[in-house]
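Be aware that the sequence shown starts at 1, since it is given in full-length UniProt numbering, and climbs by one per residue.
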Amino acid sequence: MPTGINKNHMPRIFDSEIYVSPTDEWIFRENRIDKEEILQYFRNNLHGNEKGVYIENRFGELSEHGYIRIDGCPCHVLHVEPTGSELIFYTDDGRNYPFGEFEIYETSDGGLIGLRATEEKIKYRFTWNAAKELSDHLTEEEETTYLEWNGVKMEIPKYLGEIPVPLPNEYS
1 MPTGINKNHM
11 PRIFDSEIYV
21 SPTDEWIFRE
31 NRIDKEEILQ
41 YFRNNLHGNE
51 KGVYIENRFG
61 ELSEHGYIRI
71 DGCPCHVLHV
81 EPTGSELIFY
91 TDDGRNYPFG
101 EFEIYETSDG
111 GLIGLRATEE
121 KIKYRFTWNA
131 AKELSDHLTE
141 EEETTYLEWN
151 GVKMEIPKYL
161 GEIPVPLPNE
171 YS
């Protein structure tokens with residue numbers, strides 16, 4: 001290890017050249033990324049900030065932030081499991097979130113997306129299986145969808161934000 005390295009270094013920031021398509025495919029320089037372990041690593045290291053969404057790579061003391069352009073949902077809810085007291089959302093970023101840390105929204109086309117409560121730029125699409133599991137707890141009245149869980153009936157809000165997340169201005 002060279003001496004004199006500043007431990008408060010800034011991460012290297014760049015355009016990763018990765019794109020998430022409207023059909024949720026991950027693409028690098030026009031080639032689809034299919035390896036599940038690579039996709040899980042990317043999903044598990046996604047972060048958002050005021051500029052956009054980036055994949056964080058750490059190498060010991062060094063880190064880099066590669067921004068990605070998103071037109072779909074980079075992550076997915078694979079399974080919804082009611083436990084005794086909680087509704088748990090299992091996702092393909094290798095995590096699980098209890099309801100409350102994970103928010104559900106209805107899209108303008110009647111679909112559902114999920115967002116981590118702390119991260120509004122990274123969207124999760126529900127797989128057919130997860131949507132079916134969640135549908136056991138959904139009711140519809142007129143034009144409004146409700147989640148009924150543990151004796152509570154809660155309106156699913158309409159998602160008014162944008163699904164796409166562009167690259168930061170300095171890279172587009």
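Every residue gets a Cβ at the ideal spot worked out from N, C-alpha and C, and that includes glycine.
State the DSSP-derived secondary structure class of residue i, mapped to helix, strand or coil.
{"i": "ARG29", "result": "coil"}
{"i": "ARG43", "result": "helix"}
{"i": "ILE5", "result": "For ILE5, the predicted structure reports a pLDDT of 46, less than 50, and the residue's modelled location is therefore unreliable. A value from the coordinates is still provided. DSSP places ILE5 in coil when its eight states are reduced to three."}
{"i": "ILE88", "result": "strand"}
{"i": "LEU78", "result": "strand"}
{"i": "ILE163", "result": "coil"}
{"i": "SER16", "result": "strand"}
{"i": "GLU37", "result": "helix"}
{"i": "ASN57", "result": "strand"}
{"i": "SER172", "result": "coil"}
{"i": "SER133", "result": "For the sequence presented, residue 133 should be read as Glu rather than Ser. Residue state, collapsed to three classes: helix."}
{"i": "GLU141", "result": "strand"}
{"i": "GLU50", "result": "coil"}
{"i": "LYS153", "result": "strand"}
Does the distance between the C-beta of residue i and the nearest non-hydrogen atom of the ligand NAP fall short of 6 Å?
{"i": "VAL53", "result": "Here there are no bound small molecules, and the ligand NAP is not part of this structure."}
Which whole-angstrom value is the C-beta distance of residue i and residue j, which I expect to be below 8 Å?
{"i": "GLU24", "j": "GLY94", "result": "A small fix is needed here, since residue 24 is Asp in this sequence, not Glu. Actually they are not in contact, since the Cβ atoms of ASP24 and GLY94 sit about 17 Å apart, beyond 8 Å."}
{"i": "VAL53", "j": "ILE163", "result": "About 12 Å separates the two Cβ atoms, so there is no contact after all."}
{"i": "PHE126", "j": "VAL165", "result": "Their Cβ separation, rounded to whole angstroms, is 19 Å, which puts PHE126 and VAL165 out of contact at 8 Å."}
{"i": "GLY66", "j": "SER16", "result": "3 Å"}
{"i": "LEU147", "j": "ILE104", "result": "7 Å"}
{"i": "GLU64", "j": "PHE14", "result": "7 Å"}
{"i": "GLU86", "j": "PRO98", "result": "5 Å"}
{"i": "PHE102", "j": "GLY84", "result": "With 8 Å as the limit, PHE102 and GLY84 do not qualify as a contact, their Cβ atoms being about 18 Å apart."}
{"i": "ILE33", "j": "ILE68", "result": "Between ILE68 and ILE33 the Cβ distance is about 11 Å, and since that is not below 8 Å, they are no contact."}
So if DSSP puts residue i in a beta bridge, which residue, or which two residues, is it bridged to?
{"i": "GLY66", "result": "PHE14 and ILE55"}
Segment contact, 8 Å Cβ cut-off, at least three pairs: the stretch 57 to 67 with the stretch 109 to 127: By the criterion of at least three beta-carbon pairs nearer than 8 Å, the stretch 57 to 67 is not in contact with the stretch 109 to 127.
The stretch 37 to 57 contacting the stretch 154 to 162, beta-carbon criterion three pairs below 8 Å: At 8 Å Cβ cutoff, the stretches do not touch.
Ordered list of beta strand (DSSP E) runs contained in the stretch 83 to 131, each at least 3 residues: Counting only runs of 3+ residues, the beta strand (DSSP E) found wholly inside the stretch 83 to 131 occupies 87 to 91, 96 to 98, 102 to 106, 112 to 116 and 119 to 126, in chain order.
Validate contact between the stretch 74 to 92 and the stretch 24 to 43 using beta carbons, cut 8 Å, 3 pairs: Counting Cβ pairs under 8 Å, three or more are found: they touch.
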